[in-house]
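Q: Protein chains in written order, with our numbering: chain A, 479 to 750; chain B, 405 to 690. Note that beta-carbon positions come from the ideal geometry of N, C-alpha and C, so glycine has one too.
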Amino acid sequence: MSSKVNWKATILLILGTVFILFPLYLTITIAFKTPQEMTGNLLALPETWTFDNFFRAIEVTNFFNALGNSVFVTVFTVAIVVLTHSMVAYAIARNMHKKFYKFLYFYFISAMFIPFPIIMLPLVLQTSAWGMDNLVGLGFLNGVMHLAFNVFIYVGYVKTLPVELEEAAHIDGAGTWKVFWKIIFPMMMPMHATVAILTALAAWNDFMLPLVILSDSSMYTLPLVQYAFQGQFSTDYNLAFASYLMAMLPMIVLYIFVQKWIIGGVMRGSLK
Amino acid sequence: MKKDHVFLMMVLPAFILFFIFHTYPALQGIFYSFTNFRGYGDWDFVGFINYFNVFQDGRALSAYGFTFQFAIVATLLVNMLSLFIAIGLNAKIKFRKTLRAMYFLPFILSVLIVSFIFQFMFTHMLPQLGQALDIDFLSRNILGNQNLAWIGVVIVAVWQSTAFNTLLYLAGLSTVDDQVYEAADIDGAGSWAKFWRLTFPLIAPFFTINMVVAMKNFLMAFDQIIGLTGGGPGRATESIALLIYRGGFEGGQFAYQSANAVIYFIVIVAISVIQLRILERKEVKG
Numbered sequence: 479m480s481s482k483v484n485w486k487a488t489i490l491l492i493l494g495t496v497f498i499l500f501p502l503y504l505t506i507t508i509a510f511k512t513p514q515e516m517t518g519n520l521l522a523l524p525e526t527w528t529f530d531n532f533f534r535a536i537e538v539t540n541f542f543n544a545l546g547n548s549v550f551v552t553v554f555t556v557a558i559v560v561l562t563h564s565m566v567a568y569a570i571a572r573n574m575h576k577k578f579y580k581f582l583y584f585y586f587i588s589a590m591f592i593p594f595p596i597i598m599l600p601l602v603l604q605t606s607a608w609g610m611d612n613l614v615g616l617g618f619l620n621g622v623m624h625l626a627f628n629v630f631i632y633v634g635y636v637k638t639l640p641v642e643l644e645e646a647a648h649i650d651g652a653g654t655w656k657v658f659w660k661i662i663f664p665m666m667m668p669m670h671a672t673v674a675i676l677t678a679l680a681a682w683n684d685f686m687l688p689l690v691i692l693s694d695s696s697m698y699t700l701p702l703v704q705y706a707f708q709g710q711f712s713t714d715y716n717l718a719f720a721s722y723l724m725a726m727l728p729m730i731v732l733y734i735f736v737q738k739w740i741i742g743g744v745m746r747g748s749l750k
Numbered sequence: 405m406k407k408d409h410v411f412l413m414m415v416l417p418a419f420i421l422f423f424i425f426h427t428y429p430a431l432q433g434i435f436y437s438f439t440n441f442r443g444y445g446d447w448d449f450v451g452f453i454n455y456f457n458v459f460q461d462g463r464a465l466s467a468y469g470f471t472f473q474f475a476i477v478a479t480l481l482v483n484m485l486s487l488f489i490a491i492g493l494n495a496k497i498k499f500r501k502t503l504r505a506m507y508f509l510p511f512i513l514s515v516l517i518v519s520f521i522f523q524f525m526f527t528h529m530l531p532q533l534g535q536a537l538d539i540d541f542l543s544r545n546i547l548g549n550q551n552l553a554w555i556g557v558v559i560v561a562v563w564q565s566t567a568f569n570t571l572l573y574l575a576g577l578s579t580v581d582d583q584v585y586e587a588a589d590i591d592g593a594g595s596w597a598k599f600w601r602l603t604f605p606l607i608a609p610f611f612t613i614n615m616v617v618a619m620k621n622f623l624m625a626f627d628q629i630i631g632l633t634g635g636g637p638g639r640a641t642e643s644i645a646l647l648i649y650r651g652g653f654e655g656g657q658f659a660y661q662s663a664n665a666v667i668y669f670i671v672i673v674a675i676s677v678i679q680l681r682i683l684e685r686k687e688v689k690g
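(1) Per DSSP, what are the beta-bridge partners of residue 449 of chain B in this structure?
(2) Work out the CA separation of residue 528 of chain B and residue 521 of chain A for me, nearest whole Å.
(3) How is residue 581 of chain B classed by DSSP in three states: helix, strand or coil?
(4) Please list the partners that residue 662 of chain A has in chain B, where partner means a Cβ-to-Cβ separation under 7 Å.
(5) Please determine if the segment 550-565 of chain A and the segment 665-679 of chain A are in contact, where contact requires at least 3 C-beta pairs separated by less than 8 Å.
(6) For residue 510 of chain B, return the contacting residues in chain A, with the cut-off set at a CB-CB distance below 7 Å.
(7) Spatial neighbours of residue 626 of chain A within its chain, please: CB distance less than 8 Å, with the 5 preceding and 5 following residues excluded, ordered by chain position.
(8) Just reading off the alpha helix (DSSP H) that residue 739 of chain A is part of, what are its end residues?
(9) Could you check which residue in B:573, B:408 and B:466 has the C-alpha nearest to that of residue 642 of chain B?
(10) Taking the alpha-carbon positions, what's the residue 512 of chain A to residue 454 of chain B distance?
(11) Return the residues of the segment 503-516 of chain A that lie within a Cβ-Cβ distance of less than 9 Å from chain B, sorted by chain order.
(12) Does residue 538 of chain B come out as helix, strand or coil in the three-state DSSP assignment?
(13) Pair every Cβ in the segment 663-672 of chain B with every Cβ in the segment 576-586 of chain B, then say whether three or more of these pairs are closer than 8 Å.
(14) How would you list, in chain order, the residues of chain D whose beta-carbon sits under 8 Å from the beta-carbon of residue 483 of chain A?
(15) Kindly indicate which residue of A:523, A:675 and A:727 has the alpha-carbon position closest to the one of residue 738 of chain A.
(16) Taking three-plus beta-carbon pairs below 8 Å as touching, is the segment 419-432 of chain B in contact with the segment 570-578 of chain A?
(17) Is the CB-CB distance between residue 560 of chain B and residue 518 of chain B below 8 Å?
(18) When you compare each of B:656, B:661 and B:452 to residue 446 of chain B by their alpha carbons, which one comes out closest?
(19) Quick check for students: name the residue ranges of the alpha helix (DSSP H) that lie wholly in the segment 464-529 of chain B, counting only runs of 4 or more.
(20) Please state whether DSSP places residue 667 of chain A in a helix, a strand or coil.
(21) So the alpha helix (DSSP H) residue 534 of chain A belongs to, where does it begin and stop?
(22) Quick one, are the C-beta atoms of residue 665 of chain B and residue 433 of chain B less than 8 Å apart?
(23) Nearest by alpha-carbon distance to residue 534 of chain A: which of A:684, A:742, A:719 and A:694 is it?
(24) Along chain B, in chain order, which residues have C-beta atoms closer than 7 Å to that of residue 444 of chain A?
(25) What residue does the alpha helix (DSSP H) around residue 583 of chain A start on, and which one ends it?
(26) So, is the C-beta of residue 655 of chain A closer than 8 Å to a C-beta in chain B?
(27) Is the distance from the Cβ of residue 516 of chain B to the Cβ of residue 630 of chain B below 8 Å?
(28) Taking the continuous alpha helix (DSSP H) assigned at residue 598 of chain A, which residues delimit it?
(29) With distances taken Cα to Cα, identify the nearest neighbour of residue 536 of chain B among A:519, A:544 and A:491.
(30) Any idea what DSSP makes of residue 652 of chain A, helix, strand or coil?
(31) Any beta carbon from chain A within less than 8 Å of residue 418 of chain B's own beta carbon?
(32) Mind checking the segment 655-667 of chain B against chain A and listing, in chain order, the residues whose C-beta falls within less than 7 Å of any C-beta there?
(33) Would you mind stating whether residue 599 of chain A and residue 662 of chain B have Cβ atoms separated by less than 8 Å?
(34) Measure from the C-beta of residue 407 of chain B to each C-beta in chain A and report whether the shortest distance is under 8 Å.
(35) Compute the distance between the beta-carbons of residue 437 of chain B and residue 726 of chain A, then report whether it is under 8 Å.
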C-alpha cells in the first residue's frame, strides 16, 4: 500500500471547510460591527473591533443568569445520567437471561422511537401540576428522555466486561452494591465519557423540552433566551449575533480543548 | 441483602420515573385523543372523530407533506455528503486531525442558533450578494417564497447533520481492514469498483443505521423550523411537530393534536421498520 499523501482529497476537504467556517465568520464579524456598518458590504471585516454589542447583549438578555441556568441543567443532567443509567444498565446486562430484565431492556429502548410530541401535551400539564416546571424538574426529565439511548450503549459495553472479576469479588465477600461501585463503575469509564459528552451536548443545546416545561423566564436557558429576544434581535443584528456568539462560545471553547476526546467518545459510542 | 434484591433496587427507581414521566403521559395522550379535551375544563368521549378529522384537515395534510418532502431529501443529501466526506477524511491526507475536527464542529452547535444565523444569511446576505453579482435566483430571499422556503430548511439541516453522520461513517470505515484493499490492488480494481464492491458492503450496517436515524430525526424537525421560518411563509414549512406544539398549546386543540401525535407516532415507527427491512435485505444481498 502506498504511503503517499492524497493531495487531491486534502485540497478538496480544505476547500470544503469554507462552507463550515463561513457562517461562523459571519457571526463573529457582525458581532463586532457597529449598526452603521451593516449597510455596507456584509462580508467585510469590522472597521474597528468593538465589544459594545457584547456588553449590550449581556445586559439586555441577562446573559449570566441564562449561562448559570444552562450550566446548572447540563451538570445536573450529566450527574443523574452517569450515576443512574450505568447502574440500571449493569443490572439489566447481568440479568438478561431473566424475563423481567429482558422486558425492561426492550421497554426502555423502545422509547427511542416514540416522538416527543406524543408525550409533550400531557407531560406539560403533569409537570406544572406537580411543581416541576423548573430547572430541577428539567434535569430529571432530561434523565428520563436520555434513558433509552444510554441504556442501549451502556448495556452493550457492560456485556464486554469479564464476569470473572465480579465473581472473585463475591467470593471475597463483597456485596453487589460494592462490586458495582468499586469494580464495575470505574471500569465503565470510557463509556461514562461518551455518555457524558453526548448528554451534555444534548442538554446544553436542547430547545423544545425547556420551551414547554419552563414557565418562568428567569429560568430560561441560553437557546431559549435567543428565542425569547427574537423581536428585539430582528431589528438589531449586531446585538443578536453578539448574543448568539456568547451562547455558543462555552461549547466551542470546550470543543477546542477536548476535541480529540469528544470525537473519540462519539466514535466509541457508535461502534457499540 | 440478597443479590437479586440489589439488582431490583438498581432498576426500580429508573423504572418508576420512566413510567411516570414517559409511559404515563404517552398513555394519557392516547386516552385524550378519544375525547374533546381542550387542555382545561370538562371533556367528553368522542370516539374516533379526532382521527377522522386529521385526515380531512388541510393544515395537517400539508404539514405531513412538507415534513416528508423535507425529511426524505435531507436524509438522502446528508448521507451522500457525509459518506463522501468520511471517505475523504479516511484517506491518506494531510492535517487529518484538524480537518476531522472542523467537519465535526457543526454537531456541537445549537440547532436553533445555527438556524437564526442562516435565517440572516438567507434574508440579508445572499440577496445582497445576488444583486451585486447580478444573479437573479440569489437576489430574492428564498425563505419568503412559498415554494422555495423548504429548500432553506434542507440546507440548514444538511449543514448541521452532515457532521454527526460523517463521524459515524468514519467509525465504520475504521473497522475495514487495510488488507482488503491490498488484495484489491493486486487484482487491479479501480477506486470506484473498490468502493462499491469492497468498502460499501463492509460498512452497510452503518449505512442502514444512518439512514434510519437521520430520517427519524428529520421527521421530528422543530428547532430548525422555529429558527428559520417559524413555519412560514403562510404555513408552507410547518412541520408536524410544530403543528402539534402550536395547535396543542396555543390553539386549544389538546385532544385533536393528541390524535395527530398518535398518527405521527405510528407513521414514524412504520417508516423506521420499512427502512430497516429494505436496507437489511440489501445488506445480506450485497
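A: The short version:
(1) Assignment of beta-bridge partners to residue 449 of chain B by DSSP yields B:439.
(2) Straight-line spacing of the CA atoms in residue 521 of chain A and residue 528 of chain B works out to 11 Å.
(3) Look at residue 581 of chain B here: in three-state DSSP terms it is coil, with no helix or strand label.
(4) Ordered by position in chain B, no residue passes the 7 Å Cβ test against residue 662 of chain A, which lies about 11 Å from the chain.
(5) Because the criterion of three Cβ pairs below 8 Å is met, the segment 550-565 of chain A and the segment 665-679 of chain A touch.
(6) Ordered by position in chain A, the residues that pass the 7 Å Cβ test against residue 510 of chain B are 498.
(7) The beta carbon of residue 626 of chain A sits closer than 8 Å to those of 586, 587, 588, 589 and 590, all from its chain and outside the five residues before and after it, given in chain order.
(8) Secondary structure note for residue 739 of chain A: its alpha helix (DSSP H) is the uninterrupted segment 715-748.
(9) Ranking the options by Cα distance to residue 642 of chain B, first place goes to B:466.
(10) Per the coordinates, the alpha-carbon of residue 512 of chain A lies some 53 Å from the alpha-carbon of residue 454 of chain B.
(11) If the cut-off is 9 Å between Cβ atoms, the segment 503-516 of chain A has 504, 505, 508 and 516 near chain B.
(12) DSSP places residue 538 of chain B outside both helix and strand once states are collapsed to three, so it counts as coil.
(13) With the cut-off at 8 Å, the segment 663-672 of chain B and the segment 576-586 of chain B do not touch.
(14) The displayed structure is made up of protein chains A and B, and chain D is not among them.
(15) Between residue 738 of chain A and the set A:523, A:675 and A:727, the nearest pair of CA atoms involves A:675.
(16) Contact between the segment 419-432 of chain B and the segment 570-578 of chain A is absent: fewer than 3 CB-CB pairs across the two stretches fall below 8 Å.
(17) Cβ distance < 8 Å, so residue 560 of chain B and residue 518 of chain B count as in contact.
(18) Of the listed residues, the one whose Cα sits closest to residue 446 of chain B is B:656.
(19) 500-508 and 515-524, all fully within the segment 464-529 of chain B.
(20) Looking at residue 667 of chain A - three-state DSSP - the assignment turns out to be helix.
(21) Per DSSP, residue 534 of chain A belongs to the alpha helix (DSSP H) from 530-538.
(22) Yes, they are a contact pair.
(23) Nearest Cα to residue 534 of chain A within the set A:684, A:742, A:719 and A:694: A:719.
(24) Residue 444 of chain A lies beyond the range of chain A shown here (479 to 750); nothing can be said about it.
(25) Per DSSP, residue 583 of chain A belongs to the alpha helix (DSSP H) from 577-587.
(26) So yes, residue 655 of chain A belongs to the interface.
(27) Taking a C-beta distance under 8 Å as the contact criterion, residue 516 of chain B and residue 630 of chain B qualify as a contact pair.
(28) For residue 598 of chain A, the enclosing alpha helix (DSSP H) starts and ends at 594-607.
(29) Residue 536 of chain B has its Cα closest to that of A:519, out of A:519, A:544 and A:491.
(30) For residue 652 of chain A, the three-state secondary structure derived from DSSP is coil.
(31) So, interface residue.
(32) From the segment 655-667 of chain B, only 658, 661, 662, 665 and 666 have a Cβ closer than 7 Å to chain A.
(33) If you check the CB distance, residue 599 of chain A and residue 662 of chain B come in under 8 Å.
(34) Taking Cβ atoms only, chain A reaches closer than 8 Å to residue 407 of chain B, which makes this a yes.
(35) Contact: no.
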